[in-house]
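In this note's numbering, the protein residues as written are 10 to 359. Positions of the beta carbon are idealized from the N, C-alpha and C atoms, including for glycine.
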Ligand code: ADP
Ligand code: NA
């Protein structure tokens with residue numbers, strides 16, 4: 010069996026929003042208890058869509074500050090930035106040779122991000138999921154908390170791990186680095202684990218506040234579509250008050266949210282922020298109008314987010330503290346990644 014190990018990453022691009030917080034960061038915090046966790050600011054991924062970032066160092070610090078402000082303990086766990094550990098890129102190259110072009114062609118995020126002129130997208134954007142697989146597997150991590158948008162990339166990581174394990178099966182046996190696991194009902198002597206996506210909670214996919222069919226995203230041109238972690242109370246209040254809804258009030262049963270994506274989204278956000286189920290929220294607010302529910306959501310969002318925003322601001326004022334955390338985290342991550350890479354080089358015959 011592989012030792013249970015949690016890995017996830019967030020890109021240092023643009024403002025963090027409520028989707029990143031509820032889909033990812035908040036769950037990183039909860040997983041600390043009883044697990045070994047590695048949380049990464051994936052700065053190399055930030056180059057895939059845009060080559061030049063004037064403020065990369067400050068963006069990187071602000072993601073690390075969000076991790077710490079949300080409650081991640083960088084002493085017990087590891088917080089670092091990806092480019093500090095070149096082993097990620099080394100393994101990604103090997104995975105580029107393992108992954109098949111047909112697999113990459115199925116990635117819906119590439120199609121979305123590349124837009125119409127796919128010929129002009131970078132090769133890095135195309136290979137992004139292969140680097141993501143390397144980010145995880147260079148620690149032989151087993152569990153990956155992410156939002157629902159990353160599900161397909163994690164399936165690809167499993168395919169890559171499986172093909173590596175099978176193609177190098179003899180070498181893995183010979184070197185003695187493998188671990189006996191079962192995949193389905195098959196016993197496999199594997200070097201890389203089959204990563205388990207941890208996608209869940211009441212809000213695995215937080216939607217735009219302006220359009221219930223699109224996910225809340227950093228890249229949405231409308232700032233009203235998302236709540237940013239750095240928004241002040243007035244901005245949070247304004248965005249929730251202006252959030253698109255339908256004319257009906259809240260239903261008392263979950264079924265009543267069907268075909269009402271905006272209503273469903275606001276209930277899911279409330280549930281996630283309050284650490285309740287959507288059913289609990291409807292038990293409380295069912296039959297009420299949005300004119301009652303929205304102010305309650307504003308108050309809850311401010312109560313949860315304001316302390317985090319305040320702590321992020323404080324941390325960003327003293328960059329030496331965050332820089333020290335990233336430096337130490339980078340050293341620890343590098344040492345662990347190098348253990349894997351020494352074995353991988355051996356398995357391959359380098
Ligand atoms: P973005 O998608 O905004 O560019 P990242 O790719 O850095 O952000 O994603 C960081 C984490 O946040 C990932 O685990 C991703 O799945 C999660 N995430 C991003 N957007 C959402 C959303 N709207 N709802 C839930 N989780 C999300
Ligand atoms: Na994403």
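Can the beta-carbon of residue i be found closer than 8 angstroms to that of residue j?
i, j, result
"residue 165", "residue 97", "no"
"residue 22", "residue 50", "no"
"residue 38", "residue 29", "no"
"residue 143", "residue 104", "yes"
"residue 318", "residue 238", "yes"
"residue 211", "residue 156", "no"
"residue 248", "residue 236", "yes"
"residue 26", "residue 160", "no"
"residue 178", "residue 198", "yes"
"residue 250", "residue 303", "yes"
"residue 73", "residue 62", "no"
"residue 47", "residue 342", "yes"
"residue 215", "residue 100", "no"
"residue 263", "residue 288", "yes"
"residue 181", "residue 11", "no"
"residue 35", "residue 79", "yes"
"residue 271", "residue 221", "yes"
"residue 129", "residue 86", "no"
"residue 307", "residue 291", "no"
"residue 173", "residue 107", "yes"
So, at 7 angstroms on beta carbons, what are the nonlocal neighbours of residue i in its own chain, with the 5 sequence-adjacent residues on each side left out?
i, result
"residue 145", "16, 153, 166 and 204"
"residue 83", "77, 334 and 338"
"residue 122", "58 and 134"
"residue 298", "258"
"residue 33", "17, 19, 154, 155 and 156"
"residue 75", "25, 34, 238 and 321"
"residue 311", "242 and 245"
"residue 345", "148"
"residue 150", "14, 15, 16, 47 and 204"
"residue 325", "70, 71 and 74"
For the putative contact between residue i and residue j, defined by C-beta atoms under 8 angstroms, what is the C-beta separation to the nearest angstrom?
i, j, result
"residue 184", "residue 356", "6 angstroms"
"residue 158", "residue 118", "7 angstroms"
Excluding the 5 residues preceding and the 5 following residue i in the sequence, name in chain order all residues of the same chain whose CB lies nearer than 8 angstroms to its CB.
i, result
"residue 347", "96"
"residue 309", "279, 282 and 283"
"residue 332", "70"
"residue 44", "13, 14, 15 and 152"
"residue 186", "200, 352, 355 and 356"
"residue 255", "269, 271 and 272"
"residue 188", "10, 11, 198, 199, 200 and 202"
"residue 168", "108 and 112"
Just to confirm my understanding: we take residue i, look at its own chain, exclude 5 residues before and 5 after, and list those with CB closer than 6 angstroms. What are they?
i, result
"residue 234", "217, 218 and 219"
"residue 294", "259 and 302"
"residue 52", "21, 69, 90, 91 and 92"
"residue 207", "152 and 154"
Would you say residue i lies against chain C (beta-carbon separation less than 8 angstroms)?
i, result
"residue 78", "Of the chains in the structure shown, none is chain C; there is only one protein chain."
Is residue i near the ligand NAP, going by C-beta to nearest heavy atom under 7 angstroms?
i, result
"residue 33", "The model on display carries the ligand ADP and the ligand NA but not the ligand NAP."
In chain order, each beta strand (DSSP E) run of at least 3 residues that lies wholly inside the segment 203-272:
If only uninterrupted beta strand (DSSP E) runs of at least 3 residues are considered, those enclosed by the segment 203-272 are 205-207.
In chain order, each alpha helix (DSSP H) run of at least 4 residues that lies wholly inside the segment 58-98:
65-79
Entirely within the segment 304-331 and at least 4 residues each: give me those alpha helix (DSSP H) ranges in chain order.
none
In the segment 103-144, which residue ranges form an unbroken alpha helix (DSSP H) of at least 4 residues, counting only runs that do not cross its ends?
DSSP runs (the alpha helix (DSSP H)) wholly in the segment 103-144: 110-114 and 117-123.
Only counting runs of 3 or more residues, tell me where the beta strand (DSSP E) segments fall wholly within the segment 135-193, in order along the chain.
152-154 and 188-192
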